[in-house]
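Student: For our numbering, count along the sequence shown from 1 and bump the result up by 1.
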Amino acid sequence: MRVVSLVPSITETLLEWGVDVVACTRFCEQPSLRHVGGTKDPDVAGIIALAPDLVVVDREENRRDDADALVAAGLTLHVTQVVDVEQVPDTLALLADAVAIVAPVATDGSEEPPLDLTAFVPIWRRPTMSINAHTYGSSVLAGIGVTNVLADHPDRYPTVELDDVARRRPDLVLLPSEPYPFGERHRDEYAQAIPGSRVVLLDGRDLFWWGVRTPAAMRRIRAALREASTPS
């Protein structure tokens, strides 16, 4: 089966399963594959020209107009949406069925005792944006015993002021490498803005990409946060 994937985490999963992915987006981090635009601006004509057996899209990652254009051209779509880590096994089972394979059974990534910590997770800078409880990233943290201090915010991706975050006194500030490319150069900025919190750099893919990486990603995040919260 020839598949086009417009979702970075799904591209990774399909390749791990040995599926014939004929094209993906430029954000999928697969330089050896043909790229058909981005997640929000796919090359619809290019995808149609490839005549794939299946195109995989996601309600969070991709636009409805592009999906509708692919359907109108006669292509078959498989649509996903994961906002909670508990949805991953069933969603992967449906994806495996769509590409006609038997998916390997993944081990659980949340078998260890909870960390009992609180955290703030910026996903963008200038303006500062974060996540609430109804997001996959927040559910990953909850699964390892880390409470998102903005879990109760009414917006899924709220714009916030760092002074307001500081008043919530998070144990940790988690700086993911995506969607905004946070790095070492931002550590002091957040340490000063939110005093008393430990700043931890994370691989954003582990926090936000669901799929075959989920169990190991949760173990990696747990280990990193445990180390960061252990007094030296």
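Idealized CB from N, CA, C, for every residue including glycine.
Measure the C-alpha to C-alpha separation of I195 and A229 and round it to an integer number of angstroms.
Tutor: Answer to the nearest angstrom: the Cα atoms are 16 Å apart.
Student: Quick one: Cα of P90 to Cα of V8, how far?
Tutor: 17 Å
Student: Examine the Cβ distances between the segment 91-105 and the segment 118-138 and report whether three or more of them are shorter than 8 Å.
Tutor: no
Student: What separation, rounded to the nearest whole angstrom, lies between the Cα atoms of Q82 and T12?
Tutor: Rounded to the nearest angstrom, the two C-alpha atoms are 15 Å apart.
Student: So does A225 have its beta carbon nearer than 7 Å to some heavy atom of the ligand FAD?
Tutor: This structure simply doesn't include the ligand FAD, nor any ligand for that matter.
Student: Do A74 and I49 count as a contact pair if the criterion is CB distance below 8 Å?
Tutor: yes
Student: Are the CB atoms of L142 and P177 within a distance shorter than 8 Å?
Tutor: Cβ atoms of P177 and L142: not closer than 8 Å.
Student: Assess, as a yes-or-no matter, whether the segment 141-155 is touched by the segment 182-200 under the definition of 3 or more beta carbon pairs within less than 8 Å.
Tutor: no
Student: Starting from the N-terminal side, write out each stretch of the beta strand (DSSP E) that is 3 residues or longer and does not extend beyond the segment 132-205.
Tutor: List check, beta strand (DSSP E) in window: 147-149, 173-177 and 199-203.
Student: Under 6 Å Cβ to Cβ from W211, same chain only, skipping five residues before and after it: list those, please.
Tutor: S10, V83, V89 and Y137
Student: What is the DSSP secondary structure of T129, reduced to helix, strand or coil?
Tutor: coil
Student: Using three-state DSSP, classify G47 as helix, strand or coil.
Tutor: The answer is helix: DSSP assigns G47 an H, G or I state.
Student: Identify whether R60 lies in helix, strand or coil by the three-state DSSP scheme.
Tutor: coil
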